[in-house]
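Here is the structure we will look at, set down as structure tokens.
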Amino acid sequence: MEIKIGIQNVGREIVFESDQTAEAVTAAVADSLAKGTVLSLADTKGRQIIVPSAVLAYVEVGTEEQRRVGFGALL
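Residue numbers for the sequence shown follow the numbering used here, so the first one is 3 and each next one is one higher.
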């Protein structure tokens with residue numbers, strides 16, 4: 003799924019694909035904000051994205067949908 007993270011006072015957002023579930027990402031964001039710690043998420047390539055919770059503007063979690071294969075994907 004696609005995840006977008008907005009940072010305060012920064013014009014660009016962090017966008018990456020993750021294999022984590024929407025529930026896991028939401029729980030990690032909520033836990034990070036509640037404790038005032040860093041938000042740490044992994045992308046599909048195994049890289050870690052670490053953002054201090056104090057500078058988070060928003061976190062947008064995409065839907066978990068399977069990618070379509072074949073001619074039906076063109077519709």
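Backbone N, C-alpha and C fix where the C-beta goes; we use that ideal spot for every residue, glycine too.
Exposure label - residue i; buried when at least 16 CB within 10 Å
| i | result |
| --- | --- |
| V57 | exposed |
| S1 | The shown model of the chain, from 3 to 77, leaves out residue 1, and the question about it has no answer. |
| I5 | buried |
Terminal residues of the alpha helix (DSSP H) in which residue i lies
| i | result |
| --- | --- |
| A26 | 24-37 |
The beta strand (DSSP E) enclosing residue i, as first and last residue numbers
| i | result |
| --- | --- |
| S42 | 40-44 |
| V63 | 58-63 |
| G8 | 4-9 |
| V17 | 16-19 |
| V53 | 50-54 |
Identity of the residue in the options nearest residue i by Cα
| i | options | result |
| --- | --- | --- |
| E62 | V27, V12, D21 | V27 |
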